[in-house]
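>
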Ligand SMILES: Cc1ncc(C[n+]2csc(CCOP(=O)(O)OP(=O)(O)O)c2C)c(N)n1
Ligand SMILES: [Mg+2]
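Protein chains in written order, with the working numbering: chain A, 769 to 1125; chain B, 2 to 349.
1) By Cβ distance below 6 angstroms, which residues in the same chain neighbour residue 1085 of chain A in space, the five residues on each side in sequence not counted?
2) Considering just the uninterrupted stretch of the beta strand (DSSP E) at residue 230 of chain B, what are its terminal residues?
3) Skipping 5 residues on each side, what residues in its chain have a beta carbon closer than 7 angstroms to that of residue 370 of chain B?
4) What in chain A is Cβ-close to residue 327 of chain B, meaning under 8 angstroms?
5) If residue 926 of chain A and residue 846 of chain A are in contact, beta carbons under 8 angstroms, what's the gap, nearest whole angstrom?
6) What are the residues of the region 964-979 of chain A that lie near chain B, defined by any Cβ-Cβ distance shorter than 8 angstroms?
7) Starting from the C-beta of residue 912 of chain A, find all residues in its chain whose C-beta is less than 7 angstroms away, skip the five residues before and the five after it, and write them out in chain order.
8) Identify whether residue 1081 of chain A lies in helix, strand or coil by the three-state DSSP scheme.
9) Under the three-state reduction of DSSP, which class applies to residue 78 of chain B: helix, strand or coil?
10) DSSP three-state call for residue 1047 of chain A: helix, strand or coil?
11) In three-state terms, what does DSSP make of residue 925 of chain A?
12) What residues in its chain sit with their C-beta under 8 angstroms from that of residue 1075 of chain A, if we drop five residues either side in the sequence?
13) For a contact meaning CB atoms closer than 7 angstroms, what does residue 770 of chain A contact in chain B?
14) Just the C-alpha distance for residue 1082 of chain A and residue 802 of chain A, rounded to the nearest angstrom, thanks.
15) Does residue 151 of chain B get closer than 8 angstroms to chain A when you measure Cβ to Cβ?
16) Which residues, in chain order, sit with a beta-carbon under 7 angstroms away from any heavy atom of ligand 2?
17) With respect to the alpha helix (DSSP H) encompassing residue 941 of chain A, which residues constitute its N-terminal and C-terminal limits?
18) According to the neighbour-count rule (16 or more other Cβ atoms, all chains shown, within 10 Å of its Cβ), is residue 250 of chain B buried or exposed?
19) Have a look at B:342, B:339, B:142 and B:217 and flag the residue whose alpha-carbon is nearest the alpha-carbon of residue 31 of chain B.
20) Near residue 1033 of chain A, what residues of its chain come up, given a Cβ to Cβ distance below 7 angstroms and the 5 sequence neighbours on each side ignored?
21) Can you tell me which of B:146, B:172, B:113 and B:269 puts its alpha carbon nearest to the alpha carbon of residue 233 of chain B?
22) So what does residue 800 of chain A bridge to, in DSSP terms?
23) Can you find the residues in the same chain that come closer than 7 angstroms, C-beta to C-beta, to residue 208 of chain B, ignoring five residues on each side of it along the sequence?
24) Mind listing the chain E neighbours of residue 85 of chain B? Cutoff is C-beta to C-beta under 9 angstroms, in chain order.
25) Taking all protein chains shown into account, do 16 or more other C-beta atoms lie within 10 angstroms of the C-beta of residue 935 of chain A, making it buried, or fewer, making it exposed?
26) Note down, in chain order, every chain A residue with its Cβ under 8 angstroms from the Cβ of residue 7 of chain B.
27) Considering only their Cβ atoms, is the gap separating residue 807 of chain A from residue 1065 of chain A smaller than 8 angstroms?
28) The beta strand (DSSP E) spanning residue 855 of chain A covers which residue range?
29) Is the beta carbon of residue 1018 of chain A within less than 7 angstroms of some heavy atom of ligand 1?
30) Hey, how far is the Cα of residue 11 of chain B from the Cα of residue 339 of chain B?
31) Can you pull the DSSP bridge partners for residue 27 of chain B?
32) Distance, Cα to Cα, residue 886 of chain A vs residue 139 of chain B?
33) At a CB-CB cut-off below 8 angstroms, which residues of chain B make contact with residue 1037 of chain A?
34) Would you tell me roughly how many angstroms separate the C-alpha atoms of residue 2 of chain B and residue 186 of chain B, rounded to the nearest one?
35) Residues of the region 332-348 of chain B with a CB closer than 7 angstroms to any CB of chain A: list them in chain order, please.
36) Is it the case that the CB of residue 906 of chain A approaches a heavy atom of ligand 1 more closely than 7 angstroms?
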């Protein structure tokens, strides 16, 4: 018997708005002018919100902060593809998308400043708290996607991970499970090319992350993650597939972490200035701005006004965050169980006595 | 059979300093850890350091700083982000003659590796009736007090102390950190080496340049006294020493036992001290229920009950999730809580 090829895998990459402003008009999604401007506005707000957090951290008013800088197009593009009933299961660098899904900015600040109330979102916001253990959230994405399928809801669950997260066993388990049960899940890998000090090629010798989907029998697609139109188009496809019962998909969005890993990190220890500059030239925000300007939809005056508005909005979030009264230390105990067991109630009483004294 | 390239090892020196020579450089715990790794790697080619960000970045706490440059990428391996594999691969290396020193970036991220630690590393010797052994070290920072993000402040030593087949070592100062880590590396069994991150760089002490060992399974008595024994490990030792100094002003004479190893426990030192003082307080930052303190109280009851003047007391974390930064001070034992517990025990 001859050897025969029984399976071949091709990996598609989607780019619509190139780094130099080239636009593939065939692939360009139908978006009205106002929506495109709104995408830009969302991205500028995210950047402003993110920059402010770093400043707060430097002033000692914030804990460790994980910057999303450079990854705004992914988060704005996915947000636009989502409908109200969709769920978001974030990793820890999706502040921008969380904002757009209705998580109040001051709560995001509170969380990272070390306040549990920052993970308690308003009723109706379909978003899990962030997941610190890398990759662990991906199985929740499979689970919520399964739940939506079992309930017959017209909705999908989108869960995020980084390039580093694809090395964890949980990544495999989540995609495999989702594939087997055809869950209503969209997996988005924000491949920002670094996992703290490890470059993407040291995570896997697989040429792309998108092709990993193939092994689980689900569609995988690579997109230019700094191209908001490509992200949006890929997301719409994946969400519609999931919502309509067509099963899960994987999107690898290639981007770059323009900041340090977190405010506790110093990226100059392990990556070059040239690489950073290369990617700064591919920053998704100026790219979209140039596109808007080219279409006559935007000018310097509007840009100035938007930036001022973003600063005011961020200031309002900082004010709301600062206005939060100190949490009650008793809250350490109150949410451990549905009912506080007697031994725990004793510990709570003990602490309350100590706090009073 | 082709056994491959031989790996060179020099006989270990067993320098034992009661205290560091005065001329020794003053190092932090993080630097002492790094120094221990470097001096042992120099001596023993079988040692491989592996983990997330341990190479080019030198570890997120710089506890492996410079090792990649000194020993190269085959001996200092920046791994993919996969704790289960870091430990499972280390098991594979260890059963075939290497001596891996694996780093888990924070104790809160050890869970994916628990399968490998408990189901394999801890059991291999027993399962093969001694045919195979797993001489590996699993280093990880643990504990609270640095206002770190969620999942970066856990103290779950009891999980591992409860698991037969692994040793658990916790240094409380730079000198011990180096000597204990060298012992852990030379040990033929898997050793969990828990590094109190709160005091990684909090203070410096003289640490000899050369190799020396502090034996596993021996407690230290950094302060002697006659009225009450404080028992602690890791970052809590400093809290106890502070409390002891405060109590001394009121004429209370406190002995402090630094356990240094949680499995196997140095029962003799512990019991001897409690027999002498008749009173004891155990201090740990881990949750109270089924914490290592519970085991210590049981041991004291078994071996010194009739010498006790008061029930043994515990100052611990609560039976809750480790609070985030803003409330963590309410969770962690502090000097005042230890002082109050000592007074209660004295007044019993
Ligand atoms: C299970 C686990 N291991 C280690 C860490 C420490 N850590 C936090 S983020 C990170 C790198 C994550 O890289 P990636 O998945 O690419 O996400 P990115 O940070 O680039 O957004 C590491 C190692 C963790 N949070 N969880
Ligand atoms: Mg990454």
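Note that CB positions come from ideal geometry on N, CA and C, so glycine has one too.
Short version:
1) 873 and 874, listed in sequence order.
2) Unbroken beta strand (DSSP E) run through residue 230 of chain B: 229-233.
3) Residue coverage of chain B in this structure runs from 2 to 349, which leaves residue 370 of chain B outside it and unanswerable.
4) Result: 881, 882, 883, 1094 and 1095.
5) With 8 angstroms as the limit, residue 926 of chain A and residue 846 of chain A qualify as a contact, their Cβ atoms being about 6 angstroms apart.
6) In summary, the residues of the region 964-979 of chain A whose CB is separated from some CB of chain B by less than 8 angstroms are 964, 965, 966, 970, 971 and 972, in the order they occur in the chain.
7) Excluding positions up to five away in sequence, the list reads 855, 857 and 925.
8) DSSP places residue 1081 of chain A in helix when its eight states are reduced to three.
9) Assignment of residue 78 of chain B by DSSP, reduced to helix, strand and coil, places it in the strand class.
10) Reduced to three states, the DSSP call for residue 1047 of chain A is helix.
11) Three-state result, residue 925 of chain A: strand.
12) Once the five neighbours on either side are set aside, the close Cβ partners of residue 1075 of chain A are 812 and 816.
13) Here the premise fails: no neighbours, minimum Cβ distance about 35 angstroms.
14) CA-to-CA, the gap between residue 1082 of chain A and residue 802 of chain A works out to about 22 angstroms.
15) Chain A, which has a Cβ nearer than 8 angstroms to the Cβ of residue 151 of chain B, makes this yes.
16) Each of A:930, A:931, A:932, A:958, A:959, A:960, A:961, A:962, A:963 and A:1025 has a C-beta closer than 7 angstroms to some heavy atom of ligand 2; these make up the full list, in chain order.
17) Taken as a continuous stretch (DSSP letters only), the alpha helix (DSSP H) holding residue 941 of chain A covers 937-949.
18) Answer is exposed; the Cβ neighbour count stays below 16.
19) When C-alpha distances from residue 31 of chain B are compared across B:342, B:339, B:142 and B:217, the shortest belongs to B:142.
20) Once the five neighbours on either side are set aside, the close Cβ partners of residue 1033 of chain A are 964.
21) When B:146, B:172, B:113 and B:269 are compared, the shortest CA-CA separation from residue 233 of chain B is found for B:172.
22) DSSP output for residue 800 of chain A lists no bridge partner at all.
23) The residues are 21, 25, 26, 28, 33, 36, 175, 176 and 179.
24) Note that chain E does not occur in the displayed structure, where the protein chains are A and B.
25) Classification of residue 935 of chain A: buried, given that the 10 Å Cβ count is 16 or more.
26) Annotation: residue 7 of chain B has no Cβ neighbours in chain A at a cutoff of 8 angstroms; minimum Cβ distance is about 29 angstroms.
27) The answer is no: Cβ separation not under 8 angstroms.
28) Its beta strand (DSSP E) spans residues 855-857.
29) For ligand 1, not one heavy atom lies less than 7 angstroms from the Cβ of residue 1018 of chain A.
30) The straight-line gap from Cα to Cα measures roughly 46 angstroms.
31) Bridge partners of residue 27 of chain B: B:207.
32) If you draw a straight line from the Cα of residue 886 of chain A to the Cα of residue 139 of chain B, it is about 33 angstroms long.
33) Those are 57, 58 and 59, listed as they occur along chain B.
34) Residue placement at residue 2 of chain B is poorly supported in this model, since its pLDDT is 46, which falls under 50; the coordinates are not used for a value here.
35) Residues 332.
36) Exclusion of residue 906 of chain A from the 7 angstroms shell around ligand 1 follows from its C-beta lying no nearer than that to any non-hydrogen atom of the ligand.
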